[in-house]
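Participant:
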Amino acid sequence: MKALIQRVKRASVEVEGNVVGSIDSGLLALIGVEKHDDGASVEKLLHKLLHYRVFSDADGKMNHNLQQVSGGLLLVSQFTLAADTRKGLRPSFSSAAPPAHGEALFNLLVTQARTAWPHIATGEFGADMQVALINDGPVTFLLES
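Counting from 816, one number per residue, gives the positions in the sequence shown under our numbering.
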């Protein structure tokens, strides 16, 4: 699994003009699921999402994680993160999980995240979503499980 995380001042996701998920300060995580991913991949990625130190301490160093700053986590499925872009000028999605497998693992991630942390919001798997954010920094990292 892959997560492109962005530290945000706030972020939201809309489907058909309706806000389906929003957070204030925290992380926007765009989630890509690949064929070989499984429950262990979900657990490893969730641990990284909750514990990756990307928030500044009193000295301005990235020493705090999402939980230490009581931040929100907005999880948005993004099929295109599984693209292979190494060759040519068009992405290949041969490594992406089939939709049913991707949705099952994304939903497992959401369920486990909600159990582990109270400040979780999500997009809608497979929907045409509009994501708005105010990037903080900017600070962006690609996490892989």
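Positions of the beta carbon are idealized from the N, C-alpha and C atoms, including for glycine.
1. What are the complete beta strand (DSSP E) segments, minimum 3 residues, inside the segment 879-946?
2. Can you name, in chain order, every residue of its own chain whose Cβ lies under 6 Å from the Cβ of Val884, other than the five neighbours on each side?
3. Count the C-beta pairs between the segment 901-915 and the segment 859-866 that are closer than 8 Å, then say yes if the count reaches three, no if not.
4. Taking the alpha carbon of Gly841 as the point to measure from, which residue in Ser960, Asn880 and Leu819 has its own alpha carbon closest?
5. Where Glu858 and Gly886 are concerned, what is the direct C-alpha to C-alpha distance, given to the nearest angstrom?
6. Would Val835 pass as an interface residue toward chain B - the criterion being a Cβ-Cβ separation below 9 Å?
7. Is Ile838 near Leu889, with beta carbons less than 9 Å apart?
8. Buried or exposed: Glu849, going by 16 or more other Cβ atoms within 10 Å of its Cβ?
9. What would DSSP say about Ala855, mapped onto helix, strand or coil?
10. Opposite Ala844 in the DSSP bridges: which residues?
11. What does a CB cutoff of less than 8 Å around Asn922 pick up in its chain, not counting 5 residues either side in sequence?
12. Rounded to a whole number of angstroms, what is the C-alpha to C-alpha distance between Asp852 and Ala912?
Facilitator: The answer reads as follows:
1. 887-892 and 935-937
2. Phe870
3. no
4. Asn880
5. 19 Å
6. Looking for chain B here will not work: only one protein chain is present.
7. yes
8. buried
9. helix
10. Ile820 and Leu890
11. Phe940
12. Straight across, the Cα-Cα distance linking Asp852 with Ala912 is about 8 Å.
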